[in-house]
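> Attaching a single structure in structure tokens format; questions to follow.
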Amino acid sequence: MSEARLREAFQTALDLPGDTDWAALAYAQHEHWDSLGHMALVAEIEEAFDIMMDTDDVIGMSSYPVAVEMLRTRYDVVL
1296 MSEARLREAF QTALDLPGDT DWAALAYAQH EHWDSLGHMA LVAEIEEAFD IMMDTDDVIG
1356 MSSYPVAVEM LRTRYDVVL
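According to my numbering, the sequence shown is numbered sequentially starting from 1296.
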């Protein structure tokens, strides 16, 4: 899997435009990344990478860069 798949999950769950500033994307900083959007995002990521995220990771996923690092280090996802 590639980082493109992660971006696709974010775009699908949060209805993000193609020109999103991924490095700056953070929870509550985009109109669709609220608590409901967050759960939709978690579901998209879990499906895309065939993982089940730990509750602490769901709560701690506060930005796109955090999601990238979390997937690499906690779930051995190659991005």
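Glycine residues also receive a C-beta, built at the ideal position from the N, C-alpha and C atoms. Since the structure is predicted, the reported quantities are computational estimates derived from the model, not experimental observations.
By DSSP, does Ser1358 sit in helix, in strand, or in coil?
Position 63 of the sequence shown, counted from the start, is the residue given in the question as residue 1358. Residue state, collapsed to three classes: strand.
> Quick check on the burial criterion: 16 or more other C-beta atoms within 10 angstroms. Buried or exposed for His1333?
Locating residue 1333 in the sequence shown gives position 38, where the first residue counts as 1. By the 10 Å Cβ count, His1333 comes out buried.
> For the structure I just gave you, are there three or more beta carbon pairs, one from the stretch 1308 to 1316 and one from the stretch 1346 to 1356, closer than 8 Å?
The stretch 1308 to 1316 is not in contact with the stretch 1346 to 1356.
> Using only alpha-carbon positions, find the residue among His1327, Ile1340, Ala1319 that is nearest to Val1353.
By one-based count along the sequence shown, residue 1353 stands at place 58. Val1353 has its Cα closest to that of Ile1340, out of His1327, Ile1340, Ala1319.
> Among the residues of its own chain, which have a CB less than 8 Å from the CB of Ala1323, if the five just before and after it don't count?
Taking the first residue of the sequence shown as 1, we reach residue 1323 at position 28. Contacts found: Asp1329.
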